[in-house]
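S.K.: Residue 76 in our numbering is what sits at position 44 of the sequence shown, and the numbering runs on without skipping anything.
Ideal placement from N, C-alpha and C gives every residue a C-beta, glycine not left out.
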Amino acid sequence: MAAEPVQLNDFTRQWAETGSDVLAAVGEVGSSGWFVLGPQVAAFERMLARVLERAYAIGCGNGMDAIEIGLRALDLKPGQPVLTSPLSAFATTLAIVRAGGVPVFVDVDRHGLLDLDLAEEAFERDAALRFMVPVHLFGHAVDLERLLELRRKFGISIVEDMAQAIGARSGARPVGGCGQLGALSLYPTKNLGAMGDGGAVVTDDPALDRRCRVLRDYGQGAKYEHVELGLNSRLDELHAAILAKAFLPRLAAWNARRAEIAARYDAGICNPGVELLGSPGGSRSVWHLYPVLVPAQRRDHLLEFLRKERILAAVHYPRAIPDQAAMHGTPFTLLTPMPRARELVSREVSLPIHPYLTDREVDRVIQGINAWVSE
Ligand SMILES: *Cc1c(COP(=O)(O)O)cnc(C)c1O
């Protein structure tokens, strides 16, 4: 019998472990008769804020909305430039555009994170550039000490895109703790995912907390009093209850298991054609993904080889955001060439890493990679 495939995510195993807690949460919401923005959302928000060491968390519809809400809460005005990364989920840039901003891209570093030297030069040169959406990509934390320095030096407004990095730290600081706001996705594949779409904004500022609550709910300041043009981006009671009762209590263990798997890959993978990246200095990563680099012209070969070994792998991301068709005709600035982003889009492969992988499966991935002939 062929081996069971090694999956990129395994929600059936997750259900086997969490299903009874989920069903209890569903029962509670069903019998309460309240389904959107109620006590379950409020309880989840308090719990999430505590876990992320922030004063406030505001549940919303998804991660993309969380970024848009964050930027609008910081008073981004139509046409204002926003510095961000060319290597991310397209949603990062789409949120900036939806908020009325004009994306400004600089290159990434060797780990795929926004290059903060280039960012600093950009702020130095252009006093009109005062917004930034850095991305904690792959589960790595951007250097938060450095980010804080930039924030202070230039007075910039920062929404941290922490969709892939809930629980990560940079030195002693947790992600989401250095921008005015942090934006979180609760999409199922993220380290903390709902059973559907969800998102959240985190902040320490009571005025921003209040503004985000208004923005997520049609811009209502009070019932039927619309003080600005907001979004419909509310979090459901069902998702909030499931997250608070079944998933968030397991997050620390899930993230620890991801780190264990990453360490096993670091130690076990030994193939001259496969470059391991490790985590950036100072980052206590939560390993949303495990990226490696292979020769560009051999990437398809590796993906096919792994498929035959019944190991699923993926590419994050096959195209830099400024090169996406949707950006043609959309105003943006490519401030620097992006050789590193281009290298990553042509060479990156993401190996399976999720908390329900067994050691045997991790070893199968290691053996598969080590058996691959890279030239
Ligand atoms: C998933 C993701 C988003 C968007 O989140 P959604 O909940 O899918 O809208 C934004 N940025 C990054 C880096 C992501 O990984």
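Which of the three DSSP states, helix, strand or coil, is assigned to M96?
M.R.: What you label residue 96 is simply residue 64 of the sequence shown in a count that begins at 1. Three-state DSSP puts M96 in a helix.
S.K.: Given 8 Å as the limit, tell me if A123 has its C-beta closer than that to any heavy atom belonging to ligand 1.
M.R.: Stepping through the sequence shown from its first residue, residue 123 is reached at position 91. Yes; taking the cut-off as 8 Å, the Cβ of A123 has a heavy atom of ligand 1 nearer than that.
S.K.: The beta strand (DSSP E) with S217 in it runs from where to where?
M.R.: Your numbering for residue 217 matches position 185 in the sequence shown. Run containing S217: 213-217, per the beta strand (DSSP E) assignment.
S.K.: Just tell me which of G59, Y297, C302, G305 has its CA closest to the CA of S311.
M.R.: Numbered from 1 along the sequence shown, position 279 holds the residue referred to as residue 311. Considering only alpha carbons, the answer is Y297.
S.K.: So what does DSSP say about S378, is it helix, strand or coil?
M.R.: Taking the sequence shown and counting its residues from 1, one reaches residue 378 at position 346. Note: S378 maps to helix in three-state DSSP.
S.K.: What residue does the beta strand (DSSP E) around L325 start on, and which one ends it?
M.R.: For the purposes of this step, residue 325 is taken as the residue at position 293 of the sequence shown. From DSSP, the beta strand (DSSP E) with L325 extends over 322-325.
S.K.: Would you list, in sequence order, the uninterrupted beta strand (DSSP E) runs of no fewer than 3 residues that lie entirely inside the segment 181-251?
M.R.: As far as the segment 181-251 is concerned, its whole beta strand (DSSP E) runs of at least 3 residues are 189-193, 213-217, 231-235.
S.K.: I'd like the span of the beta strand (DSSP E) that includes P368, first residue to last.
M.R.: Stepping through the sequence shown from its first residue, residue 368 is reached at position 336. The question names Pro, yet the displayed sequence has Thr at residue 368. Per DSSP, T368 belongs to no beta strand (DSSP E) and is neither H nor E.
S.K.: Work out the CA separation of N303 and G413 for me, nearest whole Å.
M.R.: Residue numbering for the chain in the displayed model covers 33 to 407; residue 413 lies beyond these limits and cannot be assessed.
S.K.: Taking L179 and P166 to be in contact with their CB atoms under 8 Å, please state how far apart those CB atoms are, rounded to whole angstroms.
M.R.: Here the question's residue 179 lines up with position 147 in the sequence shown. Here the question's residue 166 lines up with position 134 in the sequence shown. L179 to P166, Cβ: 6 Å. Contact.
S.K.: Once DSSP output is grouped into helix, strand and coil, what is the label at A345?
M.R.: The count along the sequence shown starts at 1 and reaches residue 345 at position 313. Three-state DSSP puts A345 in coil, outside helix and strand.
S.K.: Does ligand 1 have even one heavy atom less than 8 Å from the beta-carbon of S217?
M.R.: The residue you call residue 217 lines up with position 185 of the sequence shown. Yes - ligand 1 has a heavy atom lying nearer than 8 Å to the Cβ of S217.
S.K.: May I ask you to check if the CB of M96 is nearer than 8 Å to at least one heavy atom of ligand 1?
M.R.: Against the sequence shown, residue 96 aligns to sequence position 64. Yes, the Cβ of M96 comes within 8 Å of a heavy atom of ligand 1.
S.K.: What number of angstroms, rounded off, separates the C-alpha of E100 from the C-alpha of R339?
M.R.: Within the sequence shown, residue 100 is the residue found at index 68, counting from 1. Within the sequence shown, residue 339 is the residue found at index 307, counting from 1. So the two alpha carbons sit approximately 38 Å from each other.
S.K.: If distances are taken between C-alpha atoms only, which option among A154, R351, I274 comes closest to W47?
M.R.: Within the sequence shown, residue 47 is the residue found at index 15, counting from 1. Cα-wise, what sits closest to W47 is I274.
S.K.: Per DSSP, what kind of secondary structure is F137 in: helix, strand or coil?
M.R.: Against the sequence shown, residue 137 aligns to sequence position 105. Correct three-state label for F137: strand.
S.K.: Work out the CA separation of I301 and R330 for me, nearest whole Å.
M.R.: Here residue 330 corresponds to residue number 298 of the sequence shown, with the count starting at 1. Here residue 301 corresponds to residue number 269 of the sequence shown, with the count starting at 1. When rounded, the distance between both Cα atoms is 17 Å.
S.K.: Please name the residue or residues paired with P113 in a DSSP beta bridge.
M.R.: The count along the sequence shown starts at 1 and reaches residue 113 at position 81. DSSP, once it has assigned bridges, lists V134 as partnering P113.
S.K.: Would you say the beta carbon of G133 comes nearer than 8 Å to a heavy atom of ligand 1?
M.R.: What you label residue 133 is simply residue 101 of the sequence shown in a count that begins at 1. Every heavy atom of ligand 1 is 8 Å or more from the Cβ of G133, so no.
S.K.: For I99, is the beta carbon positioned less than 8 Å from some heavy atom of ligand 1?
M.R.: For the purposes of this step, residue 99 is taken as the residue at position 67 of the sequence shown. Yes; taking the cut-off as 8 Å, the Cβ of I99 has a heavy atom of ligand 1 nearer than that.
S.K.: Roughly how many angstroms lie between the CA atoms of Y388 and A215, to the nearest whole one?
M.R.: Position 356 of the sequence shown, counted from the start, is the residue given in the question as residue 388. Position 183 of the sequence shown, counted from the start, is the residue given in the question as residue 215. Answer to the nearest angstrom: the Cα atoms are 26 Å apart.
S.K.: How would you write the range of the beta strand (DSSP E) that F163 sits in, first residue to last?
M.R.: Counting from one through the sequence shown, the residue named residue 163 turns up at place 131. 163-165 is the span of the beta strand (DSSP E), which, as asked, contains F163.
S.K.: Could you tell me which of V234, P238, D237, V259 sits nearest to V246, measuring between CA atoms?
M.R.: Looking up residue 246 in the sequence shown gives position 214. If we check each option's Cα against that of V246, V259 comes out closest.
S.K.: Smallest Cα separation from L283: which of W319, T362, W66, D355?
M.R.: The count along the sequence shown starts at 1 and reaches residue 283 at position 251. When each option's Cα is compared against that of L283, the closest is W319.
S.K.: Where R184 and H348 are concerned, what is the direct C-alpha to C-alpha distance, given to the nearest angstrom?
M.R.: Within the sequence shown, the letter at position 152 stands for residue 184. Within the sequence shown, the letter at position 316 stands for residue 348. For R184 and H348, the distance between alpha carbons rounds to 32 Å.
S.K.: Am I right that L182 and E153 are in contact with their C-beta atoms under 8 Å? What's the rounded C-beta distance?
M.R.: Translated into the one-based positions of the sequence shown, residue 182 becomes position 150. Translated into the one-based positions of the sequence shown, residue 153 becomes position 121. Between E153 and L182 the Cβ distance is about 11 Å, and since that is not below 8 Å, they are no contact.
S.K.: Can you find a heavy atom of ligand 1 that lies under 8 Å from the Cβ of L169?
M.R.: Here residue 169 corresponds to residue number 137 of the sequence shown, with the count starting at 1. Answer for L169: yes, Cβ within range of ligand 1.
S.K.: Could you give the distance in angstroms between the alpha-carbon of L309 and the alpha-carbon of Y250?
M.R.: Position 277 of the sequence shown holds residue 309. Position 218 of the sequence shown holds residue 250. L309 and Y250: Cα-Cα distance of roughly 43 Å.
S.K.: Would you call the CB atoms of A426 and R316 closer than 9 Å?
M.R.: Look at the range of the chain in this structure, 33 to 407, and you will see that residue 426 is not part of it.
S.K.: Would you call the CB atoms of L176 and V207 closer than 9 Å?
M.R.: Residue 176 sits at position 144 when you count from the first residue of the sequence shown. Residue 207 sits at position 175 when you count from the first residue of the sequence shown. Yes. Within cutoff.
S.K.: Short of 6 Å in beta carbon distance, which residues of its chain neighbour T368, apart from the five on each side in sequence? Order them along the chain.
M.R.: Locating residue 368 in the sequence shown gives position 336, counting from the first residue. Within the same chain, T368 has close Cβ partners V138, D139, L150.
S.K.: Which residue wins for smallest C-alpha separation from D158, given the options A373, T365, M79, D42?
M.R.: For the purposes of this step, residue 158 is taken as residue 126 along the sequence shown, with counting starting at 1. Considering only alpha carbons, the answer is T365.
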